[in-house]
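Undergrad: Numbering-wise, the sequence shown is residues -19 to -1, 1 to 667 according to mature numbering (1 follows the signal peptide of the UniProt record, and there is no 0). In this text, a Cβ means the ideal position worked out from N, Cα and C, and glycines have one as well.
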Amino acid sequence: MWVKLCCLLLYFLALFVLARVFEAVAWYESGFLATQLVDPVALSFRKLRTILECRGLGHSGLPEKKDVRELVEKSGDLMEGELYSALKEEEASESVSSTNFSGEMHFYELVEDTKDGIWLVQVVANDRSPLVGKVHWEKMVKKVSRFGIRTGTFNCSSDPRYCRRRGWLKSTLIMSVPQTSTSKGKVMLKEYSGRKIEVEHIFKWITAHAASRIKTIYNSEHLREEWNKSDQYRVKIYLFANLDQPPAFFSALSVKFTGRVEFIFVNVENWDNKSYMAEIGIYRTPSYILRTPEGIYRYGNNTGEFISLRAMDSFLRSLQPEVNDLFVLSLVLVNLMAWMDLFITQGATIKRFVVLISTLGTYNSLLIISWLPVLGFLQLPYLDSFYEYSLKLFRYSNTTTLASWVRADWMFYSSHPALFLSTYLGHGLLIDYFEKKRRRNNNTDEVNANNLEWLSSLWDWYTSYLFHPIASFQHFPFDSDWDEDPDLFLERLAFPDLWLHPLIPTDYIKNLPMWRFKCLGVHSDEEMLETFQDSESDSDSENKEVFSSEKEVSEDDELNTFHRRREGEPRCGAETCSCANKYCHHEPYERKARSYGSYSTAGDMEPDWSAWPSEMLHCTECVVCLENFANGCLLVGLPCGHVFHQNCIVMWLAGGRHCCPVCRWASYKKKQPYTHPQPLSSDSPS
């Protein structure tokens, strides 16, 4: 997961750098940047009209270019980025879909129950022609869709009873607008009563009703009162302009952010005294001022802050997001991170897609499960202060220059989805190349596996876990025993109780503690050979007794024993155990020393317990082979604390008996470590 997260962050960094490169190329070729202001005088009449249509200002009664230019200047500064976006949107010939309502419930669900948007519905009465023709209706749909206004057609022939109850006896236009300024408030339906059935007149009717929801200020006294008033709204946006009514995009945003942001239009057309505007820092019009508890922010001074619906919508969403906005953002990020598995996973193509589907399902399930308690906590009244502090953090962070760059890049890549997908694919192919190179250097065989081989191994894994209870998901897939012994399947069918035996992976064996058995006072193998060759060397009295008993063995037997030890023979015969034989075979009392957790000091020598792991029980015999531990042989301990020859216990566990031969504790489960009792002073060796 962390690898995919790092890859996704690296991808976002690459997108940020690529956007800066595009800006540099555009500046080199055209000599301007996206944030550079445009002089409306230098624009053609068609471009000026396009800007007014994108801002939602009517221009049907303005035949002169001068009047159109003045209206553009009154609505706000024009930047190169806004001009480019407006021209690109006009050239796009994609058709906008319109909803066809099937009946009352469909109409109620989409129109009357949707309280954060505007709907324009054309009602077609029985045996009547529509009020707006097909050509004009398509133009109307395309014009209003720029401002987030959804459209639809309700044919009364599909539900005549509902039309009669509503009083729709003739074809008409219906507009739905939220009635109150609170979130999820009531919706009111308004019917078009104009005589002129033209696109511009209908659009003026729509913008007039939408603008009526915005609080309008006409004098400085009213502005002073409103500016100093503290109410439920923490965020307010003011438009200071010399216009008859606010632009359509401003009115549409007031509906979209109902209950979150208050929109106020300050009409300074007939103001004689503008001193109070200077007191609050407003020196020029038009100005878009965002007022928050943290201070005043002038919209339009940073990158990507255009006078358009899309730009201001992304700006306000970042300042005052809803829970749904955060959920959608987390959903996009999680799925982008999950798709990285398609490139990180190496091997067969089918394997890549199987792992991808598994990752997508897992990540989305975990995301939804993790959001459920968050939604529950947000409903608690004690978390209001936490919610306010979170919004304050959002406002502080998203009014910075870096945040404006991120918003501008988001609008750029979202308007060019092909570029976004191609860069994501290129980034994924680079990850695939470096991951494949890394695994080849590590000699990983799965890189060269084809689809047939992987499907075969997948079937082996599936059948193995189908006929055994699942004990571990750590390694997948692994080799199956069904190919080696087909009769095993028939045996499983004949004895149903065997189905309950779990299939345990044996990889845990290599993690068991391993050490060599040593005796106190006995030298290593090299020192023993030197002792055999030089009999006149000085040695301890105990070592002389031990070596003298070993000199009775022939020279060939000595060399064979030495070579077996050098080759890693896990256990030794009883005749070669220099300390265990002396320690364990003399008297019945000394045999008791072989029992777990106790030992004797009757002999002259004893095992070196300091080399043993602290959690292991002390013993001198392997209960599997019933032979004593020889000096230098390999020992393995189980989680229960019992110790055995390495070769003996590995053969025992690999045979399917995943438990201790002594106490039957599971060999793959941890156990409370054993603590050795401290010997009393009277029991200390003399």
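Is the beta carbon of CYS137 within less than 7 Å of some heavy atom of the ligand SAM?
TA: The model on display carries no ligand, and the ligand SAM is accordingly not part of it.
Undergrad: If you draw a straight line from the alpha carbon of TYR580 to that of GLY637, how long is it in whole angstroms?
TA: Reliability of the predicted coordinates at TYR580 is poor, the pLDDT of 42 falling under 50, and the value obtained from them is presented with this limitation in mind. Roughly 32 Å between the two C-alpha positions.
Undergrad: In whole angstroms, what is the alpha-carbon distance linking ARG146 and ASP140?
TA: When rounded, the distance between both Cα atoms is 10 Å.
Undergrad: What number of angstroms, rounded off, separates the C-alpha of TYR280 from the C-alpha of TRP386?
TA: In a straight line, the C-alpha of TYR280 is about 14 Å away from that of TRP386.
Undergrad: Which value, in whole angstroms, describes the spacing of the CA atoms of ALA229 and VAL122?
TA: ALA229 and VAL122: Cα-Cα distance of roughly 15 Å.
Undergrad: Can you tell me whether ASN282 is buried or exposed? The criterion is at least 16 other CB atoms within 10 Å of its CB, across all chains shown.
TA: Burial call: exposed.
Undergrad: Can you list, in chain order, the residues of its chain whose CB lies under 7 Å from that of ALA292, leaving out five sequence neighbours each side?
TA: These residues qualify, in order along the chain: GLY285, GLU286, MET392.
Undergrad: Answer with buried or exposed for PHE358, where buried requires no fewer than 16 other C-beta atoms within 10 angstroms of its C-beta.
TA: Exposed: under 16 other Cβ atoms inside 10 Å.
Undergrad: Where do the N-terminal and C-terminal ends of the alpha helix (DSSP H) with LYS167 fall, by residue?
TA: Looking at the DSSP string, LYS167 is not in any alpha helix (DSSP H), and its letter there is neither H nor E.
Undergrad: Report yes if the CB atom of GLU290 is closer than 8 Å to the CB atom of LEU353, and no otherwise.
TA: A small fix is needed here, since residue 290 is Leu in this sequence, not Glu. No, Cβ-Cβ distance for LEU290 and LEU353 is not below 8 Å.
Undergrad: Checking 8 Å against the spacing of the C-beta atoms, do VAL(-17) and ILE338 come in under that value?
TA: No, these two residues do not count as a Cβ contact at 8 Å.
Undergrad: Residues in the same chain with beta-carbon distance under 7 Å from TYR278, minus the five sequence neighbours each way, listed in chain order, please.
TA: Here the set comprises LEU271, THR380.
Undergrad: Which of the three DSSP states, helix, strand or coil, is assigned to GLU556?
TA: Note that GLU556 scores 37 on pLDDT, short of 50, meaning its location in the model is unreliable; the coordinates nonetheless yield the value given after this. DSSP places GLU556 in helix when its eight states are reduced to three.
Undergrad: If you pair each beta-carbon of the segment 213 to 227 with each one of the segment 42 to 61, do three or more pairs fall below 8 Å?
TA: The segment 213 to 227, when compared against the segment 42 to 61, does touch it at the 8 Å Cβ threshold.
Undergrad: For PHE82, write down the residues that DSSP places opposite it in a beta bridge.
TA: For PHE82, which the question treats as bridged, DSSP gives the partners PHE135.
Undergrad: Let me know the secondary structure DSSP gives LEU(-7) once reduced to three states.
TA: The answer is helix: DSSP assigns LEU(-7) an H, G or I state.
Undergrad: Which stretch, first to last residue, makes up the beta strand (DSSP E) that contains PHE625?
TA: Run containing PHE625: 624 to 626, per the beta strand (DSSP E) assignment.
Undergrad: Determine the burial state of GLY613: buried for a count of at least 16 other Cβ atoms within 10 Å of its Cβ, exposed for fewer.
TA: Label assigned to GLY613: buried.
Undergrad: Give the secondary structure of PHE238 by DSSP, where H, G and I count as helix, E and B as strand, and everything else as coil.
TA: Of the three classes helix, strand and coil, the one that applies to PHE238 here is coil, per DSSP.
Undergrad: Would you identify the three-state DSSP class for THR382, choosing helix, strand or coil?
TA: Three-state result, THR382: helix.
Undergrad: Would you say the segment 334 to 351 touches the segment 306 to 317, given that touching needs at least three Cβ pairs under 8 Å?
TA: The segment 334 to 351 is in contact with the segment 306 to 317.
Undergrad: For the alpha helix (DSSP H) containing PRO159, list its first residue and its last residue.
TA: Not the alpha helix (DSSP H): PRO159 falls in the beta strand (DSSP E), residues 153 to 159.
Undergrad: Between the beta-carbon of GLY276 and the beta-carbon of PHE128, is there less than 8 Å?
TA: Going by C-beta atoms, GLY276 is not nearer than 8 Å to PHE128.
Undergrad: Where do the N-terminal and C-terminal ends of the alpha helix (DSSP H) with LEU150 fall, by residue?
TA: First-last for LEU150: undefined, no H or E at that position.
Undergrad: Assuming LEU619 and CYS641 form a contact by the criterion Cβ under 8 Å, report the distance between their Cβ atoms to the nearest whole angstrom.
TA: Sure, about 5 Å apart at Cβ, within 8 Å.
Undergrad: With DSSP collapsed to three states, give me the class of TYR219.
TA: If DSSP states are grouped into helix, strand and coil, TYR219 belongs with the strands.
Undergrad: Determine, using beta carbons only, whether ILE195 and SER256 come nearer to each other than 8 Å.
TA: No, the pair does not count as a contact, with Cβ atoms beyond the cut-off.
Undergrad: Please list the terminal residues of the continuous alpha helix (DSSP H) segment that includes LEU411.
TA: 398 to 422 is the extent of the alpha helix (DSSP H) around LEU411.
Undergrad: Could you tell me which residues DSSP pairs with CYS640 in its beta bridges?
TA: Note: CYS640 sits in a beta bridge opposite ALA647.
Undergrad: Does TRP496 come out as helix, strand or coil in the three-state DSSP assignment?
TA: TRP496: strand per DSSP, three-state reduction.
Undergrad: For VAL(-3) and VAL6, what's the separation of their Cα atoms in angstroms?
TA: Answer to the nearest angstrom: the Cα atoms are 12 Å apart.
Undergrad: I need the boundaries of the beta strand (DSSP E) containing TYR269, first residue and last residue.
TA: 268 to 273 is the span of the beta strand (DSSP E), which, as asked, contains TYR269.
Undergrad: Let me make sure I understand the geometry here. Which of SER311, LYS650, HIS623 has the alpha-carbon closest to that of CYS644?
TA: Checking every option, the nearest Cα to that of CYS644 belongs to HIS623.
Undergrad: In this structure, does DSSP put CYS(-14) in helix, strand or coil?
TA: If DSSP states are grouped into helix, strand and coil, CYS(-14) belongs with the helices.
Undergrad: Could you give the DSSP three-state label for MET60: helix, strand or coil?
TA: It is a strand residue.
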